[in-house]
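All remarks here apply to the structure that follows.
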Amino acid sequence: MKNVSGVYIHIPFCKSICTYCDFCKVLYQDKWAIAYLKKLKEEILDRYMKDDIKTIYIGGGTPSCLSLKELKYLLELTNIFKKDNLQEFTFECNIEDINKELLLLLKEYHVNRLSIGIESFDEENLLLMHRNNNYQDTLNKIKLIRELGFNNINLDLIYALPKEKLSTVKKDLKLLLKLNPEHISTYSLMIEDNTFLSYKKINNIPEELDYEMYEYICNKLKKKGYIHYEVSNFSKEGYESIHNLGYWNNSEYYGFGCGASGYIDNIRYDNTRSLSNYLKGMISSSEVLLSKDDLMEYELILGLRKIEGINLQEFYNKYHVNMQDRFPIKPLIKNRDLVYKDGYVKINPKKIYVMNEILLKLV
Amino acid sequence: MQESNIRNFSIIAHIDHGKSTLADRILEITNAVSKREMKDQLLDSMDIERERGITIKLNTVKLNYTYNNKEYILNLIDTPGHVDFSYEVSRSLAACEGAILVVDAHQGIEAQTLANLYLAMQNDLTIIPVINKIDLPNADIPKVTKELHDVLGFKEEEIVLCSGKTGEGVKELLDAVVERIPAPKIDVDAPTRALIYDSYFDSYKGVVLLVKVVDGIINVKDKIKMMATGKVFDVTEVGVKTPKEELLDNLSSGSVGFIAGSIKDISSVHVGDTITTLNKEASTPLDGYERMKPMVFSGIYPVDASKYEQLKEALEKLKLNDASLTFEPVTSDALGFGFHIGFLGLLHAEIITTRLEREFNLDIVVTSPTVVYQVYLTDKRVLIVDNPNKMPTREKILKIEEPYIYTNIIAPSSYVGSIMELCQNKRGIYKSIDYINDTRVNIHYELPLSEVVYDFYDKLKSRTNGYASFDYELIGYMESNLVKMDILLNGEKIDALSMIVHKDIAYEKGRSITKKLKEVIPRQMFQVSIQASIGSKIIAREDISAMKKNVLAKCYGGDVSRKKKLLEAQKEGKKRMKMVGRVEVPSEAFLSILGSDD
Chain D
0 MKNVSGVYIH IPFCKSICTY CDFCKVLYQD KWAIAYLKKL KEEILDRYMK
50 DDIKTIYIGG GTPSCLSLKE LKYLLELTNI FKKDNLQEFT FECNIEDINK
100 ELLLLLKEYH VNRLSIGIES FDEENLLLMH RNNNYQDTLN KIKLIRELGF
150 NNINLDLIYA LPKEKLSTVK KDLKLLLKLN PEHISTYSLM IEDNTFLSYK
200 KINNIPEELD YEMYEYICNK LKKKGYIHYE VSNFSKEGYE SIHNLGYWNN
250 SEYYGFGCGA SGYIDNIRYD NTRSLSNYLK GMISSSEVLL SKDDLMEYEL
300 ILGLRKIEGI NLQEFYNKYH VNMQDRFPIK PLIKNRDLVY KDGYVKINPK
350 KIYVMNEILL KLV
Chain U
0 MQESNIRNFS IIAHIDHGKS TLADRILEIT NAVSKREMKD QLLDSMDIER
50 ERGITIKLNT VKLNYTYNNK EYILNLIDTP GHVDFSYEVS RSLAACEGAI
100 LVVDAHQGIE AQTLANLYLA MQNDLTIIPV INKIDLPNAD IPKVTKELHD
150 VLGFKEEEIV LCSGKTGEGV KELLDAVVER IPAPKIDVDA PTRALIYDSY
200 FDSYKGVVLL VKVVDGIINV KDKIKMMATG KVFDVTEVGV KTPKEELLDN
250 LSSGSVGFIA GSIKDISSVH VGDTITTLNK EASTPLDGYE RMKPMVFSGI
300 YPVDASKYEQ LKEALEKLKL NDASLTFEPV TSDALGFGFH IGFLGLLHAE
350 IITTRLEREF NLDIVVTSPT VVYQVYLTDK RVLIVDNPNK MPTREKILKI
400 EEPYIYTNII APSSYVGSIM ELCQNKRGIY KSIDYINDTR VNIHYELPLS
450 EVVYDFYDKL KSRTNGYASF DYELIGYMES NLVKMDILLN GEKIDALSMI
500 VHKDIAYEKG RSITKKLKEV IPRQMFQVSI QASIGSKIIA REDISAMKKN
550 VLAKCYGGDV SRKKKLLEAQ KEGKKRMKMV GRVEVPSEAF LSILGSDD
């Protein structure tokens, strides 16, 4: 038995396609959904090595767009895992899919964290993203969720949309905070290749304004008692996402499903992004065996995404190499790109938004 | 070998008048290559030549041709068409007795037609005028015939009509080559003298020399001597190209071919030198040919300082087959060790830098080109300045003179206004306009060469929708009110960006260059100021704000390897940057300051 504790399951179906999304997704069709879930079961049975699972994350796509029957089949698959010590089980939902039946079903299978893509309440933003939202409806749904006993909710917010003003971000954030979520993920819009936005030749907003929005969000959330623990993630104390911290701690995890990625036995693998290939059983797309050097590099570039940074002792325990011997961190501490404090090396909080620039000096 | 059966000739033409296609057809008709081996533009062997449809390097092929039941050997020596390479043209022509002058049946005479014709006439060559592309639907043979008669003085009956594309008239052209071009004077018994007109490096054979044997004979195993350097080598191979290599026992008077002699030391060979043999040594060398002086100078530096030696070797190898290239080591505060390189023109510079990058896989920084100034000092000395950083301070200077050219700009008369405006903007002095026919003119201006090396040709083309052709000759030096302008990054002078400009346009230039640099220098983690100055006076300033964002907003399990790839791509981009002080400057910034105005 190995020591892999995270499981990610990808559901590539959506009822409509968002203009910015470059994840693996297709429009929902019931004949594909059933075939897909069967293949998913095969893949899990084939790959899973009886590890003790601590976190499960079902993401997409839009897992909540499945029918109740399909959902039951999907959730039943999680019983394959040994989960006596399960700490966190996240399920991604679209707000309009949420209803009492769905929530009760999730509850039955021990889902204890809901991640909901709100993204924005602004009409113009929503139109551009090809999404739907209504604040009153959201408020009611959140109320329902609470009533059914879920006490760990993440809400996603996207900012820096074309033409967006700082005032829109302020308004969005204000409404979001009224919902009192335990966790908030805020993303500056990335215009990825092969998305509708890139086809429309949409440009990013000026980076000054982008940074201004980010700074505003960080300050506001801090004031409201949220802990900024990763570049784009904030939570109330004790509600950091355990599953996602696994990624940034460079821990191993299973990735199941079309377009999923996993990291097992020092191998990072990607599953095919083609649904038809996946259904034919041609699951794997690439596998890369990492050298010790690669592992340390991943440890660095992922670990520095955490606001607290990397613990030097833990780094040494893992690789038997001093981080400062492998990476030129000393001169960067000197010029204040990095900060060393209490055994941790972290990105200077003022420079988080240009962290790639700093990483480039290190790798 | 009979005296009268060799003909050495070139084809000269303006770009796009169909020279390479005509050469292909000649190769085919003389069975030098079979249909199967035929690929377009056979003589243009460098990738960059085929890609851009231009000929840079001369190539030679030996062809067999039967005329009136008699066998002839025709040596076809290819020539480049562009003005920058008139040096190569004159080398080719030095090995010939005649030339085919190709003119497009639609376009008529162009600027380089004239330039090449004058070169051929200077070499006392017999010229066969040819109107090519007569198959074109818009061919106007009477018009072009009249131009050849009125402008160049050819008789109508001298002109051969042909089409390189269909092959029509090509046989008649070859007949004319045999009939009209004189056979080389042959003296096999005289002391040996062969002209080196080109050379290249072959990793197995060493330096290979392309020669025209004027007198005597060169055999395999002969000892040959380079008359200029005195170096002696054993001949290991001689032969001709047909265009495949064909090894022979000897090359004798009148013939054109190659010689290999396990020559490893590149510096012992000079193109233009005369070879003689030790067993029949000549006392005086042949007249070489006019050596072209480099007109434009640039600094070339390796992006990675440790590649300096590689850059040096690459330049030595290029020089071997491009005798017009000159270079010497230079040090820049900003760019480290590199070379100060002399080019014939801007296209030449572009070709050399492209070859360094492609054939030698080098990442290089090229600084903006400068011409050669004559600086008269107060102490009566005259200083030759080919590098802005060698310009003395102003109080030591009496006057500065810069090189001027005399233009042939041939274009439809409807563009006269626009062309004159361009020349005026480039500090031109109007001379005259000649009428080639009712609708086409040849515009003559005197222009500072420094204004031409930047972007004159591109501007001319765009203003005339590509209809204008341009050539020039250097006419000498004239006094100008010139100043040295420096560029500072965060207050630090960047020597590689200094330039000499005319005082009247210095402010404008300073503004456009600082603006341009602002566009190409990426944001840094701190603010960067870009200033242009003359002496201690700042004449323009732009600021690049500090970088605010370079982060991957979203990064989860699925994105992890993508994030690493993104970083790797960004890192690759950084490799093309040069650290200037604390500022990362992309290599292209050093050249980008060229195309800056109007």
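Residue numbers (numbering that gives the first Met the number 0), protein chains in the order written: chain D, 0 to 362; chain U, 0 to 597.
Just so it is clear, CB atoms sit at the ideal spot from N, CA and C, and this is done for glycine as well.
Assumed close pair residue i, residue j - CB separation to whole angstroms, cut-off 8 Å
{"i": "G163(U)", "j": "L21(U)", "result": "3 Å"}
{"i": "V102(U)", "j": "I130(U)", "result": "6 Å"}
{"i": "V381(U)", "j": "Y372(U)", "result": "At roughly 10 Å, the Cβ-Cβ gap does not stay under 8 Å, so V381(U) and Y372(U) are not in contact."}
{"i": "D155(D)", "j": "S184(D)", "result": "5 Å"}
{"i": "E356(D)", "j": "M524(U)", "result": "6 Å"}
CB contact below 8 Å: residue i versus chain D
{"i": "K553(U)", "result": "yes"}
{"i": "Q549(U)", "result": "As written in the sequence, residue 549(U) is Asn, which differs from the Gln given in the question. Closer than 8 Å: yes."}
{"i": "V582(U)", "result": "no"}
{"i": "K170(U)", "result": "no"}
{"i": "S586(U)", "result": "no"}
{"i": "V559(U)", "result": "yes"}
{"i": "K562(U)", "result": "yes"}
{"i": "K311(U)", "result": "no"}
{"i": "M578(U)", "result": "no"}
{"i": "Q569(U)", "result": "yes"}
{"i": "I55(U)", "result": "The predicted position of I55(U) is uncertain, since its pLDDT is 49 and thus under 50; a value taken from the coordinates is nonetheless stated next. Not one chain D Cβ lies under 8 Å of I55(U)."}
{"i": "K573(U)", "result": "yes"}
{"i": "G556(U)", "result": "yes"}
{"i": "M546(U)", "result": "yes"}
{"i": "M390(U)", "result": "no"}
Interface flag, residue i vs chain U, CB-CB below 8 Å
{"i": "R272(D)", "result": "no"}
{"i": "E122(D)", "result": "no"}
{"i": "S260(D)", "result": "yes"}
{"i": "L165(D)", "result": "no"}
{"i": "T18(D)", "result": "no"}
{"i": "E206(D)", "result": "yes"}
{"i": "I300(D)", "result": "yes"}
{"i": "G254(D)", "result": "yes"}
{"i": "L359(D)", "result": "yes"}
{"i": "V362(D)", "result": "yes"}
{"i": "R304(D)", "result": "yes"}
As assigned by DSSP and simplified to three states, the class of residue i
{"i": "R581(U)", "result": "coil"}
{"i": "V353(D)", "result": "helix"}
{"i": "C217(D)", "result": "helix"}
{"i": "R540(U)", "result": "strand"}
{"i": "V168(D)", "result": "helix"}
{"i": "I55(U)", "result": "A caution first: I55(U) carries a pLDDT of 49, below 50, which makes its placement in the model unreliable, though a value can still be read off. The answer is coil: DSSP assigns I55(U) none of H, G, I, E or B."}
{"i": "D29(D)", "result": "helix"}
{"i": "D457(U)", "result": "helix"}
{"i": "I241(D)", "result": "helix"}
{"i": "K65(D)", "result": "The question names Lys, but residue 65(D) is Leu in the sequence shown. DSSP places L65(D) in coil when its eight states are reduced to three."}
{"i": "D221(U)", "result": "coil"}
{"i": "C367(D)", "result": "Residue 367(D) cannot be examined here, being either before or after the span of chain D that is shown, 0 to 362."}
{"i": "M212(D)", "result": "helix"}
{"i": "M484(U)", "result": "strand"}
{"i": "V212(U)", "result": "strand"}
{"i": "Y225(D)", "result": "coil"}
Near the ligand MN: residue i beta-carbon under 7 Å from a heavy atom
{"i": "L102(D)", "result": "Inclusion of the ligand MN in the displayed structure is not the case, the ligand content being empty and no account of it being possible."}
Q: Examine the Cβ distances between the segment 72-86 of chain D and the segment 50-59 of chain D and report whether three or more of them are shorter than 8 Å.
A: yes
Q: Mind checking the segment 225-240 of chain D against chain U and listing, in chain order, the residues whose C-beta falls within less than 8 Å of any C-beta there?
A: V230 and S231
Q) Is there contact between the segment 243-252 of chain U and the segment 206-220 of chain U, where contact requires at least three CB pairs shorter than 8 Å? A) yes
Q: Give a yes or no on contact between the segment 573-580 of chain U and the segment 321-338 of chain D, applying the rule of three or more CB pairs nearer than 8 Å.
A: no
**Q.** Three-pair Cβ contact test at 8 Å for the segment 140-156 of chain U versus the segment 434-454 of chain U
**A.** yes
**Q.** Residues within the segment 179-201 of chain D neighbouring chain U, beta-carbon criterion of under 7 Å
**A.** Y186, S187 and M189
Q: Note down, in chain order, all residues in the segment 335-356 of chain D with a beta-carbon under 9 Å from any beta-carbon belonging to chain U.
A: D336, K350, I351, Y352, V353, M354, N355 and E356
Q: State whether the segment 332-348 of chain D contacts the segment 300-317 of chain D, with contact taken as three or more CB pairs (one from each stretch) at a distance under 8 Å.
A: yes
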